[in-house]
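To keep things clear, I will list the structure first and then write my remarks on it.
Chains as they are written, first to last, in our numbering: chain A, 602 to 1020; chain B, 602 to 1020; chain C, 602 to 1020.
Here's what the structure looks like:
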């Protein structure tokens, strides 16, 4: 297997061995950068960044990565305004032109599955810089790199994911990768903000056991943390979506909040066992109304008191930008890893670019698992209103066959039950 | 004659020999690119892209062209917002500063003649990336390159231009060039969307005979194409503009649509003789209201049925972006040349940049024809409401003397009759 | 002292000797550029431009400067829209990420003191490209370079600053520098548009005597210029702010306009003694309402008549963009230096970048004066509504102790009287 010429749209596009090849090369890139060595591995190569949504870290670090490799960059920082999309051009047409100019394309787009659609129309590697609420695979590469570099390994580490796990695309890619690398995963999300069904379905394949909590309340008066008990996993009791969101959703049995004395003990137990606390911002731009998020955001906040209870060697991670969920007072703690984490974006993306362009060849024996597309799904549509197949008229729906009754969208991974 | 230091605002700024010099060098650039040879012809040179309108292809391919030549780029992708124009700066002032930073400037602007005005104030080459509804000369260079490369020559080829020929700046430059290279030109445009008068005037000088049709109706039920008969060219019967558009316009005598049986035969004859079908999008952004375009757009569409009637070796071209006029089903046909056409943008623009910067010297004996400016035109104003002279207060109107009664605007080429 | 690794936020961050080191190196850069010599001093280095406000000259000339030095650039031309700021990110967080990607950062932001805040959070040099109405130090470097190059020296030259001296950040940096280099300074500004108090306070330290006029009226019928007499400097008679502006302000005793005969003589005297007339645009974007400015703008205009009265060897300067205050007819006069002035932006910024990156080492014995921060100012807030400390919640107010009753904001230099 080679990574040259490949796309990276979902973290599942790469096998574990391939991910490790990227991380290993990132280590080499990192030490070359530190020594001030100039790398001209990609001289004469052209990277395109095509961003239909705002970005600071992803676009910047890709562009710097390419420059550090000796390559050049053409930037579409606000493609929704500055490109022909403003004249009504489709994603496919845009890519079919740009693939003739670029050697590699990084694309961010608000529609789920949009970058997969782009990749289908490109003969040069397309890297997703995030597609809607779906995935953000290069963020995951640098998250894995951070854990491996600062905790020595990923396997067996205990990682808590806190915040908006439903709409956070970084978390979607990350939780899959963590499951594949056999980390212990704890999810802490308010009701309605838990992992979406399609992610749970993908996780099943890796026999991942999720420990889940419904809420991480704000520090209570006496300095203890109120944590809701693990909710009973009632995977079988499937019910209809509870209106207003337009999406099918699992029922969640709400448990009573236990008294805080009990909680304190429990929380200590939990925090003492966590190697990584990964926080995420509420994805306001993906919420139907702003109100929904308001309450949820209030209950998510890491601050000094929570830090005091955490292990001395825990990592506090965050994909950034943060809003209220991560207090500024945490920044001065040595466990705060999020700015270092952002910084790793450059060597990790250098490694990825170099491998996809074939400038460096990785020794990898096993590629990603091939999943077969479902046949005879004519007329079936993806139920995700933000799926690219519901927005671009020429994009035909395609599905993976999960089981005889269940399909998963080829573009956005949402589940469709067929009767 | 040398191309070094010259501007390219109108396709008529270059002689035929000079255009061929660009196309020949583009061939060399193209094969160098294919061999992966690095060209460092423009090392140390700085290209500025200054775009006041959205662009995917033009800006990108210029920037990639410069990178492939070893040069560097400063990009103003949304100059109307991000530059001092937002503080009220004039075109002249902007250029008089940028010419001190750049070695060559590519500019796109919504006003007709704006790039000519810019060129007047610049000591470094200014290349138009499109000025309003006026011209788009570098698109024409790559259109000519496409025809020459894929059909072997331009001279004598039969080219049909279909769509919004009034507002489409790419067509304006192209039809002039086709006339100069003695192609056979067929224009197919709905009423009010035909070539504007000033283009017809320029064409006259090249003794070009236009064959014109008023409408290319959608495929009728029985699969035949309804084509209106050529309209009688009543060039002498000049009447006043028919209100609402604010522009002087020739009267057009509407003919009855012949029955479709007749049409089918005629269409076959037509299609069998066409080497190139060049489609263009309705320029919604240049229309006074959106409604006008609605109907016109409906009657323009190339699809599989039309393709079946066309010659096996015909080229379907389109400057892109497309909207409804070009069905996705056409993409898979080998005659569909539009993505290849877009791809030629890089070698053609590399050739142009290298020649204007003097990095390569073309052996050209004849330059463009010099046309004299009219004297004693004090007080005469251009009638084009989108002409740069009607928007920038310091820009004085200038005209070419077509004949004792007729002037042509130096900036936007619109005609003014003097009494 | 070395300039390597230093920030440039206020012109007072550099000593006179350091400013001269930049100007001397700019001279070398300039002649290298003229000879077409390639400089690869900053090869492998990455410059970030992060602009939250429109810019033509500053961003462009920094990017070109970096390219001419062999370095690379990542551009955020409209950071308020395209970066994570659109998701609510703070200045500190943005910089703490970008400092891990960039080798040097140029930032423009609408809040006063914002770039100082950025510099506090960056381990790589931050250069201010203008912060609100506060300062624009690199414009000042090129202004000084222009005067020195075209008038031979700065010391002893007679410089008039005309226009909106209150809101014009370029003037704020410049007047301080002129005072430090012992130029003779004349300020001509309409009432309410004079230099702000904090600038006057800084000037005091350099024992600078300002000559000030309240208005430069439009040319009167007989071709004479109406100039108000110098106002009595009543520095002691401090009164409360005159409402509506929300800012503390000195009282100004209005004098009667003398008759124009007297004026004519006086004006001639004035113009005959001026080496430099520096005009500035009304900073509409910093005014509470547009009306206030309307009248003021009317009274500021340099045109041919004024030029005729000026010295043959005077320099007309302007930081650009201009609006109505500088007539186009002035452009053709040899004294019009403003486009040359803009052009000097490239060599001056090349010199600055090379010095801050340590690519060139300047021999400088004396650094800038250190001023001590005030202690025990808990609870004191800056009175400037546009100060970054009043917008970014985590930014704690800091002050310099001017005297026991007077503080000056560390970020925006506004004065606060403590009781």
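All C-beta atoms, glycine included, are put in the ideal place defined by N, C-alpha and C.
Among the CB atoms of chain B, none fall inside 8 Å of the CB of residue 650 of chain A.
For residue 794 of chain B, the closest Cβ of chain A is not nearer than 8 Å. DSSP links residue 732 of chain B through a beta bridge to B:710, B:736. The continuous stretches of beta strand (DSSP E) do not include residue 966 of chain C, and DSSP gives it neither H nor E. Residues of the same chain with a CB within less than 6 Å of the CB of residue 803 of chain C, apart from the 5 flanking positions on each side, are 777 in chain order. Secondary structure at residue 677 of chain C: strand, using DSSP grouped into helix, strand and coil. A direct Cα-to-Cα measurement between residue 704 of chain C and residue 669 of chain C gives close to 16 Å. Across the set A:815, A:706, A:929, the C-alpha of A:706 shows the shortest separation from the C-alpha of residue 726 of chain A. Residues of the stretch 653 to 665 of chain A with a C-beta atom less than 9 Å from some C-beta of chain C are 654, 655, 656, 657, 658, 660, 661, 662, 664, 665, listed in chain order.
Here DSSP, grouped into helix, strand and coil, assigns residue 785 of chain B to strand.
Nearest neighbour of residue 950 of chain B by Cα position, chosen from B:660, B:801, B:807, B:679, turns out to be B:660. Residue pairing by DSSP places residue 763 of chain C opposite C:789, C:880 in a beta bridge. When the alpha-carbon of residue 630 of chain B is set against those of B:808, B:746, B:760, the nearest one is in B:746. The beta carbons of residue 733 of chain C and residue 987 of chain C sit closer together than 8 Å. Contact annotation for residue 702 of chain C against chain A: 661, 662, 665, 944, 946, 947 [CB-CB distance below 8 Å, chain order]. The Cβ atoms of residue 958 of chain C and residue 638 of chain C do not sit closer than 8 Å to each other. Against chain C, a Cβ distance below 7 Å from residue 673 of chain B picks out 668. Sorting A:910, A:774, A:792 by C-alpha distance to the C-alpha of residue 876 of chain A places A:910 at the top.
With a cutoff of 8 Å on beta-carbon distance, residue 698 of chain B and residue 702 of chain A are scored as not near each other.
With contacts defined by Cβ atoms closer than 8 Å, residue 627 of chain A and residue 997 of chain A do not form a contacting pair. When DSSP states are grouped into helix, strand and coil, residue 918 of chain A belongs to the strand group.
Taking 8 Å as the threshold, the shortest C-beta distance from residue 631 of chain C to chain A does not fall below it. Under the DSSP assignment, residue 718 of chain A falls in the alpha helix (DSSP H) whose first and last residues are 715 to 721. Distance from residue 989 of chain C to residue 718 of chain C at the Cβ level is roughly 5 Å; contact confirmed, criterion being Cβ atoms closer than 8 Å. Annotated three-state conformation of residue 938 of chain B is coil, per DSSP.
Ranked by Cα distance from residue 938 of chain A, the options A:915, A:925, A:926, A:922 are led by A:915.
Closest in C-alpha terms to residue 655 of chain A, from the list A:640, A:680, A:934, A:648, comes A:680.
Interface flag for residue 729 of chain A against chain C is unset, since no Cβ pair is found closer than 8 Å. Going by C-alpha positions, residue 801 of chain C is about 43 Å away from residue 941 of chain A. Listed by position along chain B, the residues whose Cβ is nearer than 7 Å to that of residue 929 of chain C are 995. In the three-state scheme derived from DSSP, where H, G and I count as helix and E and B as strand, residue 690 of chain B is classed as coil. For residue 616 of chain B, no Cβ of chain A is located within less than 8 Å of the residue's own Cβ.
Within the stretch 940 to 1005 of chain A, complete alpha helix (DSSP H) segments of at least 4 residues are found at 946 to 957, given in chain order. Beta-bridge partners of residue 1010 of chain C (DSSP): C:1000. The beta carbons of residue 790 of chain B and residue 766 of chain B sit closer together than 8 Å.
The contact set of residue 972 of chain B on chain A, defined by CB atoms closer than 8 Å, is empty, because the minimum CB distance reaches about 33 Å.
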